[in-house]
Every structure is written in C-alpha cells, then in structure tokens.
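Asks: Questions regarding the structure given below will be posed in turn.
There are 2 protein chains.
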Amino acid sequence: MINKLSGWDDTIVALSTASGAGAIAVVRITGSNTFQIIESLFPSKKLSTQATHTVHVGMLAENGINIDEVVLAIFKGKKSYTGEDTIEISCHGSMYIQQQIIAACVRKGARVAKAGEFTQRAFLNGKLDLTQAEAVADIIAANSQKAQQIALNQLRGGFANQLKTLREELVTFAALIELELDFSEEDVEFVDRKKLIENIVDIENEVRPLIESFKIGNAIKNGIPVAIVGKPNAGKSTLLNTILNEDRAIVSNIAGTTRDTIEDTIQIDGVQYCFIDTAGLRTTTNEIELVGVAKAKQKITEAQIVLLVCDVAEPIDDVILQYKNLALTTEQKCIIVLNKLDAISKCDAYDIEEAIATLSKQKCIAISAKSKTHIDKLMALIVSQAELSLSTENTIITNARHYNELQQTLISLTEIRTALSNNLSGDLISVDIKKALMHISALTGNIEHDKDILGTIFGKFCIGK
Amino acid sequence: MINKLSGWDDTIVALSTASGAGAIAVVRITGSNTFQIIESLFPSKKLSTQATHTVHVGMLAENGINIDEVVLAIFKGKKSYTGEDTIEISCHGSMYIQQQIIAACVRKGARVAKAGEFTQRAFLNGKLDLTQAEAVADIIAANSQKAQQIALNQLRGGFANQLKTLREELVTFAALIELELDFSEEDVEFVDRKKLIENIVDIENEVRPLIESFKIGNAIKNGIPVAIVGKPNAGKSTLLNTILNEDRAIVSNIAGTTRDTIEDTIQIDGVQYCFIDTAGLRTTTNEIELVGVAKAKQKITEAQIVLLVCDVAEPIDDVILQYKNLALTTEQKCIIVLNKLDAISKCDAYDIEEAIATLSKQKCIAISAKSKTHIDKLMALIVSQAELSLSTENTIITNARHYNELQQTLISLTEIRTALSNNLSGDLISVDIKKALMHISALTGNIEHDKDILGTIFGKFCIGK
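As given, the protein sequences belong to chains A and B, one line each in that order.
Everything in the first sequence is counted per the working numbering, starting at 2 for the first residue and increasing by one.
Everything in the second sequence is counted per the working numbering, starting at 2 for the first residue and increasing by one.
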C-alpha cells in the first residue's frame with residue numbers, strides 16, 4: 002500500500018457515536034501520539050503497558066480537574082481499526098462531557114478528525130481496500146436488510162477479491178502482449194491472437210455481470226421507486242394508504258384531492274420500496290392542480306415500476322389508452338391495477354377475466370383498495386416486477402463510482418478485442434490494457450492515491466468514522 | 002443491600018448511545034443470560050471463557066445471516082457497571098443495525114430495558130447508593146463545569162459518605178435513647194440529657210449547611226436567572242447583545258421594540274447564567290406590548306439577579322423610584338446599571354460618582370452597552386452577586402428530593418431537641434429519631450425499597466443508562 006498523502010501522521014480525535022445526549026458516548030482517538038495524549042489525561046494507570054484489546058475504568062482529568070469517569074478500550078497498532086494506536090473513550094453521554102474530552106485531547110496535541118478520516122487511515126494503512134472502505138459508509142447508510150447484506154459482503158472483501166482476480170488476469174494478459182512487443186521486430190508472433198481474444202472475452206464476461214448488477218444494487222441501496230398513477234378518483238390515495246397500512250394521504254370523493262406527490266417507503270422481503278402517490282392525470286384549469294399533474298408526469302418518468310390505477314368498471318379501451326399515454330420506456334415496468342372491485346357485482350361488471358386476458362401482455366390485477374382485496378397478490382406482483390432475482394450471494398455493486406470505473410474497464414476491453422481482431426500491433430494494444438488496468442486499480446485504490454479522489458470518497462462519511 | 006424488587010433477574014438490552022445514525026453505536030446487554038444470548042449470536046468465539054475487561058472483534062449473526070461486524074467489550078459479574086454480566090456491543094452506527102441487534106437479542110431471550118434500568122441494577126446490586134445513582138443522571142444532564150463537578154463528586158460518593166456518617170451518629174444516638182428507654186421504669190437516667198441535646202445540635206449543624214447548599218446547587222445545576230429590566234429605550238436589548246456578544250435581540254430607537262422575553266445563556270467561571278431581556282416597563286395601550294410588560298413582571302419575580310437598566314442621564318430620584326417599584330424580595334439581588342455612558346460628556350452629565358454614592362446601598366455601576374465600556378466590571382459584579390462563594394470541594398446538593406429529605410430530617414432533629422429540652426420520655430423521642438433515620442436512609446436508598454419511589458427516580462433517566 003502506497004502512503005503518499007501528507008498530513009496523516011498526526012493524532013486525530015472525534016465523537017464516534019451519534020451527536021446528542023445519550024446514556025454513553027464514545028470519543029475515538031487514533032495516531033502515533035494516542036497513548037501519550039490519553040496517559041496525560043488518565044493518571045490512574047500506565048496505558049501503554051497494558052495489553053491490546055483490554056478495557057480500563059478510571060477518571061479522566063486535566064490538570065487536576067476531573068472530566069469524567071470513563072471506560073477506555075485500547076487497540077494497539079496494526080490490531081486496531083485504523084492500523085494505528087487507537088483508544089475508544091466511553092464517557093457519560095452529555096454533550097458537555099463529549100466536548101470537554103475532545104477539547105482536552107486537542108489541548109494535549111490531537112487534531113479534530115475530518116469526516117471519514119478514521120476509515121481513510123484504515124485504507125492508507127492497508128487495513129481495507131477502497132471498495133471495503135466505501136462499504137463502511139454504505140453499512141452506516143443501509144436501511145434495509147438486503148442493502149446491509151450487500152454492504153457487509155463488500156466490507157468483508159467479496160468484491161475486492163473478485164477485482165483482485167480480474168486484475169491478475171489483466172496483468173497476465175499484459176505480460177503476454179509485452180512479450181509479443183519485445184519480439185515484434187523479429188516478426189515472431191509468440192502468442193496466438195485467437196487465444197488472446199478468447200482471454201479478453203472471458204474477462205469481459207466477468208465484468209459485464211458486475212455492471213449489470215448495478216441496476217439491482219442501486220435499487221436495493223436507494224429503494225425502488227413505484228409511482229401510483231391514474232385518472233382522478235381512481236382510488237390512488239386509498240391504494241397508497243392500504244399499502245402503507247396507515248392514513249398517509251388525504252382521501253375524498255372529490256376528484257383532484259391529491260396535489261402534492263406523497264411519498265413513503267416500506268420494506269418487502271428486506272428491500273425498500275418507495276411508493277409515490279401522484280395527482281390524478283386530467284386536463285384541468287386549476288393552477289395548483291396543474292402543477293400537481295406536471296409533477297405526477299415527472300414522477301412517472303423517474304419510476305422503476307408504475308401502478309396504473311383504473312376503475313374496474315371502465316371500458317377496456319380506455320384503460321389501454323391510458324396505458325399508452327404513459328409512454329413508458331422499455332426499462333420501466335407497469336402493473337395495471339383494476340380497482341374498486343368492491344363496488345361492482347358479478348352481473349353488472351364487464352368480464353374482469355376478459356379484461357385481464359386482453360391486457361395480458363401487461364401485468365394486470367383486479368383489486369379493491371377500499372376493502373383490501375387482493376392487496377397481497379398486488380404486492381407479490383410488484384416484487385416480481387422489481388426483478389431482484391439475483392441472489393445477494395453474487396457480488397452486487399451499489400456504488401456509482403464502481404459502476405463508472407467498470408464501464409470504462411469494459412470499454413477498454415472491447416477496444417483491446419477489436420484491436421486484436423484487426424491485427425493491430427502490440428504497442429497499440431498495450432495502451433488499452435493499461436487503461437483497463439488503471440480503471441480496475443482505481444476501484445480498489447491500488448494505485449498512487451489522488452488526494453482529490455480520496456477527499457471526495459471519504460468526505461461522504463460521517464465524522465468519527 | 003436489600004433486593005426485594007421482583008422482575009430484575011432477567012436480561013435487559015438497550016441502545017446506550019444517542020439515538021440517530023453515527024459512525025458507531027453501542028448496544029448494552031446485562032443480566033444473568035448475557036453470555037448465553039450473545040454467544041448464540043457470535044459464532045467465532047466462546048465469550049464466557051474470555052477474561053473480563055477484554056475486547057473481541059467478530060461477526061454478529063443470527064441463524065446464519067450476518068448482522069454486523071462488531072466489537073464486543075466483556076464485563077463479568079461484580080466487575081461490571083451493573084454488577085451483573087454485561088457486554089457492550091459496538092456496531093456500525095446505522096439505525097437499521099442498532100434495531101437489528103436489539104431485536105436479535107430480544108429473540109434470544111433478552112428484554113428491552115426501561116429508562117434508567119442499568120443504573121437501577123447497579124443500585125440494587127450495591128454498586129452505587131441512591132445518591133450516586135442520581136448523580137449519573139445529573140452528569141448526563143450537566144451543561145456547565147461546576148454542575149458537572151458537583152455531579153461527579155456525588156457519583157464518587159462524597160455526599161454518600163457524609164450521609165453514612167450522619168446515619169451512624171443518629172444510630173448511636175438512638176441506641177443511647179433506647180438504653181434510657183429500657184431502664185426508664187427504674188427511673189434511672191443513664192444518659193445526660195444535656196449531653197444528648199449537644200449531640201443533636203451537632204447533627205443539626207451538619208445537616209443545615211447541606212440544606213443551605215441547595216440554593217447554590219440548584220442555581221449551578223439549572224443556571225442562574227438574570228432579568229434585564231428597565232424603562233423602554235434604556236438599552237436593555239443592546240446590553241443583552243453586548244453580554245452575549247451576538248445580535249440576539251432586535252435593537253431600535255423605537256421604545257417598545259422588544260415584546261417577547263428573549264433568553265440566552267452564557268457560562269462564566271464554569272457556571273451557567275440565563276440572561277432574560279424583557280419588554281420595557283411603561284404604561285401602554287398597545288395590547289401586544291401590554292402582554293410583554295406583564296411577562297417582564299413575571300420574569301422579575303423569577304429572577305435571582307435583576308439588572309435594572311437606567312439612562313445615566315436620568316435624575317437619581319427616578320432611578321430610586323424605579324428600583325422601589327421592582328418590589329424585589331430580600332432573596333433577590335439587584336444591580337443598578339447606569340447605561341449610555343457613551344452619550345454624555347463630563348460637563349453635561351450629573352455627577353455619576355454622586356449617583357453611585359447615593360445608590361451605595363445597592364450595587365451600582367455606570368456602563369455603556371453600546372461602546373462596551375465597563376462590561377467586564379458588570380460581569381464581575383454579577384458573579385459576586387450570584388454568591389457562589391462555596392467551594393465545590395464542599396458537598397453541594399442539587400437534587401430537590403435530597404433537599405426535601407434533608408429538610409424533613411432537620412424538622413425531626415428539632416423535634417428531638419425540643420422533646421429533650423421538655424424532658425419528654427424516651428419512647429416519645431425514639432419516634433422522632435426513627436423519622437430522622439428514615440429520611441436519611443431514604444436518601445441513600447438504605448431501606449426497604451419502595452417500588453414507586455425507585456420507579457420515579459430511575460424513570461427520569463434516559464434509556465440505556
């Protein structure tokens with residue numbers, strides 16, 4: 002691991018637990034002077050002679066004035082999270098004490114840590130690669146089981162190992178090309194070009210699923226947007242309330258009740274779905290409602306799944322027309338929800354089975370939001386349309402930076418393959434190989450560190466991590 | 002220590018750090034099944050065979066599904082905060098993970114802890130007496146150096162030791178009276194009544210300073226209220242802004258600018274002062290201003306220190322009249338602040354020295370809030386008027402419950418003394434002794450625990466402590 006960043010040989014301190022008053026709070030300090038600083042504030046014991054991973058109770062005091070009775074956990078050198086001497090100070094949780102302890106550490110020579118600086122140290126000291134460091138932030142941000150499982154898998158090095166293998170394959174490949182390059186003047190082709198192309202195709206086939214997993218990864222990380230759309234009074238708000246099992250949206254018989262888009266999330270099978278109730282789509286002169294309709298249209302374009310809510314008593318052609326008007330992209334999934342099943346009797350309803358058959362190319366379901374009929378079936382349909390069939394056992398990438406680097410890698414790989422097919426010379430090919438290697442290395446941080454890039458990555462962390 | 006409360010032999014779990022997302026969070030679990038529960042969630046190590054006060058890193062998982070990579074700190078039996086097996090789980094700080102860990106512990110048999118239940122266990126297991134347990138809550142609530150020093154001293158047993166001595170003296174005294182009682186039929190007075198009275202006076206002299214310290218203790222704990230009052234346009238809001246060193250109150254030349262009372266706190270010498278800017282005191286027909294004037298009058302009665310702000314150019318008799326109109330109690334301190342020193346020249350001003358001499362029975366000072374003249378002297382005067390001369394080395398009580406119990410103790414002591422003086426019989430006196438003992442014991446919790454009282458005390462704690 003290359004440690005070229007300046008200014009990280011000092012000792013840093015920060016509150017690591019959530020800000021605010023609690024029963025206890027944890028202040029964390031790491032760096033070469035950790036023991037010297039804390040020993041000057043902890044008269045009762047010589048900490049540096051204690052074993053690593055031990056806990057010590059005593060009074061923290063500065064110049065004879067007691068600060069707090071604390072519990073210190075000692076982590077020495079390489080065995081700590083950061084890879085440097087670290088002490089975690091568990092104090093009483095008042096904001097006042099937290100500040101006093103941090104201030105005392107600063108007076109004794111520590112510096113207040115910047116966001117993500119503890120994890121950055123772990124990275125710079127080779128305790129984590131860059132994808133693992135990024136996983137730490139993802140774990141803290143995770144709000145569903147799947148998102149957290151993916152981040153945890155990434156932290157444990159699942160993705161990092163895969164990248165390591167990829168990198169080794171590329172390095173081997175580069176060596177073969179170099180070999181050809183060295184002897185090119187002798188006009189001897191050491192390596193079978195056909196074999197090389199097969200090699201590159203294999204590598205492309207490893208990169209491509211990772212790129213494709215981003216769609217799912219991103220959905221799992223940020224939640225899957227589901228827009229509820231339809232004509233005024235189709236029962237969209239009632240459906241939202243039924244799905245959320247609470248009175249989230251105001252419901253009335255007056256068409257155009259909902260103006261603002263109302264959003265709320267629920268978890269299904271450990272994945273977060275963000276349901277968005279929109280204003281009814283109709284031509285209106287009411288200015289506020291017009292804004293609402295415009296917003297609804299915007300939300301439709303952003304949704305991954307669209308629930309088109311129609312009255313089950315509507316003529317089927319109307320439903321089809323509404324569907325066409327949505328003008329969804331091929332990426333977007335639509336479920337046609339024939340609502341108000343409660344309001345019709347068998348005799349006066351048109352044949353629902355037939356309607357569903359007509360709409361069979363689309364997913365279609367008849368429900369009653371009001372009497373909560375077939376809501377479970379609707380939810381199952383939503384989950385199936387979310388297409389999260391990939392197991393979280395596979396590596397799923399969730400980070401836009403990873404997605405971009407992998408895409409760049411794939412572009413370079415394709416260029417290599419084309420160059421090989423066109424029988425271009427080895428020195429031209431080696432430029433593309435270097436590019437591909439650079440993008441793979443940028444993922445794990447296995448290159449000379451660019452301060453700006455690292456600043457951007459760790460700046461997204463919370464303070465104290 | 003008597004452990005008569007039912008339902009505290011189970012294992013309890015709670016988030017101990019502030020709620021919200023942070024870099025890390027600490028979930029605490031204590032009770033007889035602590036090791037069994039956490040071992041069922043921590044496959045990598047047998048924790049119960051590890052030494053106390055050690056730290057262990059590993060994966061927390063339930064039924065094969067990983068929850069988080071955590072750091073566990075082990076505290077065994079009597080050596081823990083609660084006096085029972087305790088494990089502190091440092092996890093990544095997302096709300097989601099915090100909930101998952103607590104839920105997993107509950108599924109394995111723990112119960113979610115009630116507010117203050119960890120400290121209650123410490124009390125019930127004899128790790129802390131009741132005054133020390135209460136000090137824990139005070140430390141967490143402390144927002145100034147003095148408040149925190151007092152609470153810390155109380156936690157370390159300063160007050161508890163003093164109460165122990167008091168209690169022993171009373172018990173000895175009771176024994177002497179009992180002795181007299183036993184032999185009363187024989188009409189032999191074993192103990193010299195004069196000596197007994199001297200004994201009681203000694204005890205009273207120990208209790209009285211504790212009671213008196215409450216005034217200061219309460220001021221230190223809750224801050225000292227300082228009301229800024231005076232005629233409209235005397236410069237009250239300018240003075241508040243100058244004291245706080247920020248533009249807190251809106252200042253204008255228009256009389257009656259301030260209507261709401263504006264409050265803000267600053268710390269001087271580790272003590273918190275709460276400055277309250279009030280509406281100018283004048284007869285007005287403006288309804289909003291009238292409400293403001295009424296509020297100002299209310300704030301005056303609540304203040305411990307009143308700053309009466311006058312224009313230095315005002316006739317001295319007017320100033321005296323304003324002071325009289327304040328109708329302060331003897332408990333309240335007043336400082337007459339002759340403001341706008343900047344606006345007068347030596348020649349056109351009446352003699353300030355003379356004014357101050359005239360007002361000499363009151364604390365008086367000439368300043369300019371606008372040009373910040375003599376503000377430091379005013380602040381020193383405020384501190385001297387706060388009468389916080391008692392050193393925090395002495396025991397200072399800050400808790401209304403302690404104040405009440407000590408007052409009741411003193412009443413009983415006085416009754417004992419009166420009874421002794423009136424030569425009442427020993428059995429009558431022993432009733433009062435029992436009362437005094439009961440109140441002292443209630444302070445430390447050294448009696449049969451009343452569930453309601455304990456519930457009230459620990460219910461004021463935050464969850465997880």
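Note that CB positions come from ideal geometry on N, CA and C, so glycine has one too.
With distance defined between alpha-carbon atoms, name the residue in L342(B), L382(B), F215(B) nearest to C365(B).
Replies: That would be L382(B), whose Cα lies nearest to the Cα of C365(B).
Asks: List the residues of chain A whose Cβ lies closer than 7 angstroms to the Cβ of E85(B), in chain order.
Replies: None at all; the shortest Cβ gap to chain A is about 16 angstroms.
Asks: If we define contact as Cβ-Cβ less than 8 angstroms, is N144(A) a contact residue for chain B?
Replies: Cβ-Cβ to chain B under 8 angstroms: yes for N144(A).
Asks: I want to know whether the segment 235-250 of chain A touches the segment 366-377 of chain A - three or more CB-CB distances under 8 angstroms.
Replies: Yes: the two stretches touch, three or more of their Cβ pairs being nearer than 8 angstroms.
Asks: Assuming I198(B) contacts S422(B) (C-beta within less than 8 angstroms), just tell me the rounded distance between them.
Replies: Correct: roughly 7 angstroms between the Cβ atoms.
Asks: Going by the beta-carbon positions, is the gap between V14(B) and I103(B) smaller than 8 angstroms?
Replies: Against a cut-off of 8 angstroms, the Cβ pair of I103(B) and V14(B) comes out as a contact.
Asks: Taking the continuous beta strand (DSSP E) assigned at Y274(B), which residues delimit it?
Replies: Run containing Y274(B): 272-278, per the beta strand (DSSP E) assignment.
Asks: So is N64(A) buried or exposed if we call it buried at 16+ other beta carbons inside 10 Å?
Replies: Answer is exposed; the Cβ neighbour count stays below 16.
Asks: Kindly give me the distance between the Cβ atoms of G84(B) and N34(B), rounded to whole angstroms, as I take these residues to be in contact under 8 angstroms.
Replies: About 15 angstroms; that fails the 8 angstroms criterion.
Asks: Below 8 angstroms on the Cβ atoms is my guess for D433(B) versus A420(B); work out the distance and round it to an integer in Å.
Replies: Right, their Cβ atoms sit about 6 angstroms apart.
Asks: On a Cα-Cα basis, can you pick out the residue from T331(A), K325(A), D343(A) that is closest to I337(A)?
Replies: Nearest C-alpha to I337(A): K325(A).
Asks: Counting contacts by CB-CB distance shorter than 8 angstroms, is D69(A) in contact with chain B?
Replies: Yes, its Cβ sits closer than 8 angstroms to a Cβ of chain B.
Asks: Name the residue from R29(A), Q323(A), Y274(A) whose alpha carbon lies nearest to the alpha carbon of S81(A).
Replies: Cα-wise, what sits closest to S81(A) is R29(A).
Asks: Measure how close the beta-carbons of S91(B) and V71(B) come, nearest whole angstrom, since I'm counting them as under 8 angstroms.
Replies: With a Cβ gap of about 6 angstroms, S91(B) and V71(B) count as contacting.
Asks: Would you mind stating whether A304(A) and A280(A) have Cβ atoms separated by less than 8 angstroms?
Replies: No, Cβ-Cβ distance for A304(A) and A280(A) is not below 8 angstroms.
Asks: Given a cut-off of 8 angstroms, decide if S145(B) and Q333(B) are closer than it, judged by their beta-carbon atoms.
Replies: No, these two residues do not count as a Cβ contact at 8 angstroms.
Asks: Alpha carbon to alpha carbon, what distance is there between E288(A) and G218(A)?
Replies: Taking the straight line from one Cα to the other gives about 39 angstroms.
Asks: Would you say C463(A) faces chain B, with C-beta separation under 8 angstroms as the test?
Replies: So yes, C463(A) belongs to the interface.
Asks: Taking DSSP as the reference, what is the three-state secondary structure of N246(B)?
Replies: N246(B) falls in the coil class under three-state DSSP.
Asks: Return the residue from the list K466(A), I430(A), T396(A) that minimises the CA-CA distance to R157(A).
Replies: Checking every option, the nearest Cα to that of R157(A) belongs to T396(A).
Asks: Counting pairs of beta carbons, one from the segment 225-232 of chain B and one from the segment 304-323 of chain B, are three or more of them closer than 8 angstroms?
Replies: Judged by Cβ distances under 8 angstroms, the segment 225-232 of chain B makes contact with the segment 304-323 of chain B, as three or more pairs qualify.
Asks: Against chain A, with Cβ distances strictly below 8 angstroms, would S42(B) count as a contact?
Replies: For the record, residue 42(B) in the displayed sequence is Leu; it is not Ser. By this cut-off, L42(B) is not an interface position.
Asks: Within its chain, find whatever has a CB closer than 6 angstroms to the CB of F459(A); leave out the 5 residues flanking it on each side and keep chain order.
Replies: Hits under 6 angstroms: G117, Q121.
Asks: Compare the C-beta of H93(B) with all C-beta atoms of chain A and state if any pair is closer than 8 angstroms.
Replies: It does; some Cβ of chain A falls within 8 angstroms.
Asks: Quick check on P210(B): does DSSP put it in helix, strand or coil?
Replies: Correct three-state label for P210(B): helix.
Asks: What span of residues does the alpha helix (DSSP H) with D139(B) cover, start to end?
Replies: It spans 131-142 - the alpha helix (DSSP H) in which D139(B) sits, taken as one unbroken run.
Asks: Using beta carbons (cut-off 8 angstroms, strictly below), is V292(B) in contact with chain A?
Replies: For V292(B), the answer is no, since every Cβ of chain A falls outside 8 angstroms of its Cβ.
Asks: Roughly how many angstroms lie between the CA atoms of K47(B) and I39(B), to the nearest whole one?
Replies: Spanning the two alpha carbons is a distance of roughly 10 angstroms.
Asks: Would A24(A) pass as an interface residue toward chain B - the criterion being a Cβ-Cβ separation below 8 angstroms?
Replies: Judged by the 8 angstroms Cβ criterion, A24(A) is in contact with chain B.
Asks: With a floor of 3 residues, list each beta strand (DSSP E) that falls wholly inside the segment 50-97 of chain B, ordered by position along the chain.
Replies: Counting only runs of 3 or more, we get 55-63, 66-76, 87-93.
Asks: Taking the beta strand (DSSP E) that A228(A) belongs to, which residues open and close that run?
Replies: Residues 225-231.
Asks: Put R112(A) into one of helix, strand or coil per three-state DSSP.
Replies: Residue state, collapsed to three classes: strand.
Asks: Would you call the CB atoms of V467(B) and L414(B) closer than 8 angstroms?
Replies: With chain B covering 2 to 466 only, the question about residue 467(B) has no answer from this structure.
Asks: What are the residues of the segment 41-63 of chain A that lie near chain B, defined by any Cβ-Cβ distance shorter than 9 angstroms?
Replies: Cβ contacts with chain B come from A52, T53, H54, T55, V56, H57, V58, M60.
Asks: Is the CB of I140(A) under 8 angstroms away from at least one CB in chain B?
Replies: For I140(A), the answer is yes, since a Cβ of chain B falls inside 8 angstroms of its Cβ.
Asks: Anything in chain B within Cβ reach of Q150(A), meaning under 8 angstroms, just list it in chain order.
Replies: Chain B residues near Q150(A): I66, N67.
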